[in-house]
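Following: one structure in C-alpha coordinates, then a few remarks.
In this note's numbering, the protein residues as written are 97 to 165.
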(Lines of atoms letter the chains of each structure in order from A and count residues from 1; the text may use other names and numbers.)
(Lines give C-alpha, C1' and ligand atoms only; values in the text may rest on other atoms or scores of the structure.)
Protein backbone atom coordinates (compact mmCIF):
# COMPACT_ATOMS: atom_id res chain seq x y z
CA UNK A 1 0.00 0.00 0.00
CA UNK A 2 1.23 3.45 -0.91
CA UNK A 3 1.02 6.18 1.73
CA UNK A 4 -0.14 9.54 0.33
CA UNK A 5 -0.15 12.79 2.30
CA UNK A 6 -3.54 13.78 3.66
CA UNK A 7 -4.81 17.34 3.24
CA UNK A 8 -6.14 18.03 6.72
CA UNK A 9 -4.50 15.51 9.06
CA UNK A 10 -1.02 14.16 9.69
CA UNK A 11 -1.62 10.41 9.11
CA UNK A 12 -1.39 9.46 5.42
CA UNK A 13 -4.20 7.91 3.41
CA UNK A 14 -3.92 4.85 1.14
CA UNK A 15 -3.02 5.86 -2.42
CA UNK A 16 -4.70 2.85 -4.05
CA UNK A 17 -8.15 3.77 -2.67
CA UNK A 18 -10.62 5.06 -5.25
CA UNK A 19 -12.41 7.05 -2.54
CA UNK A 20 -10.76 8.21 0.68
CA UNK A 21 -12.19 10.36 3.44
CA UNK A 22 -10.47 12.41 6.09
CA UNK A 23 -12.59 12.51 9.23
CA UNK A 24 -12.67 14.19 12.60
CA UNK A 25 -13.46 11.63 15.34
CA UNK A 26 -16.63 12.45 17.28
CA UNK A 27 -17.34 9.31 19.26
CA UNK A 28 -16.57 5.59 19.59
CA UNK A 29 -19.53 3.51 20.78
CA UNK A 30 -19.02 0.01 22.19
CA UNK A 31 -21.54 -2.52 20.88
CA UNK A 32 -22.23 -5.66 22.92
CA UNK A 33 -20.13 -7.05 25.76
CA UNK A 34 -17.84 -9.98 26.37
CA UNK A 35 -16.70 -12.31 23.58
CA UNK A 36 -20.04 -12.75 21.81
CA UNK A 37 -20.15 -12.67 17.99
CA UNK A 38 -21.10 -9.27 16.60
CA UNK A 39 -19.48 -7.26 19.39
CA UNK A 40 -17.25 -4.38 18.47
CA UNK A 41 -17.30 -0.65 18.00
CA UNK A 42 -19.17 1.93 15.97
CA UNK A 43 -16.95 4.86 15.02
CA UNK A 44 -18.77 8.16 14.45
CA UNK A 45 -16.98 11.01 12.73
CA UNK A 46 -17.41 14.12 10.62
CA UNK A 47 -16.01 13.96 7.09
CA UNK A 48 -13.91 17.05 6.42
CA UNK A 49 -12.24 16.09 3.12
CA UNK A 50 -12.98 13.66 0.27
CA UNK A 51 -10.39 12.31 -2.16
CA UNK A 52 -11.96 10.82 -5.30
CA UNK A 53 -10.09 9.12 -8.14
CA UNK A 54 -10.99 10.79 -11.47
CA UNK A 55 -12.10 7.57 -13.16
CA UNK A 56 -14.85 7.00 -10.56
CA UNK A 57 -16.12 10.60 -10.29
CA UNK A 58 -17.32 12.78 -13.17
CA UNK A 59 -17.67 15.99 -11.16
CA UNK A 60 -21.26 15.26 -10.21
CA UNK A 61 -21.77 11.52 -9.74
CA UNK A 62 -19.77 8.51 -8.60
CA UNK A 63 -19.67 5.85 -11.34
CA UNK A 64 -20.50 2.64 -9.46
CA UNK A 65 -19.74 0.51 -12.54
CA UNK A 66 -16.13 1.73 -12.52
CA UNK A 67 -15.87 1.70 -8.72
CA UNK A 68 -17.34 -1.82 -8.37
CA UNK A 69 -18.12 -1.55 -4.63
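For every residue, glycine included, the Cβ atom is placed at its ideal position computed from N, Cα and C.
Source: prediction; values computed, not measured.
- Under DSSP, residue 118 takes part in a beta bridge, and its partners are 145.
- Shortest Cα-Cα distance from residue 127 to any of 97, 138, 114, 162 involves 138.
- Closest in alpha carbon position to residue 116, among 129, 133, 102, 125, is 102.
- Exposure of residue 104 is indicated by the presence of fewer than 16 other C-beta atoms within 10 angstroms of its C-beta.
- Residue range 160 to 163 is occupied by the alpha helix (DSSP H) that includes residue 163.
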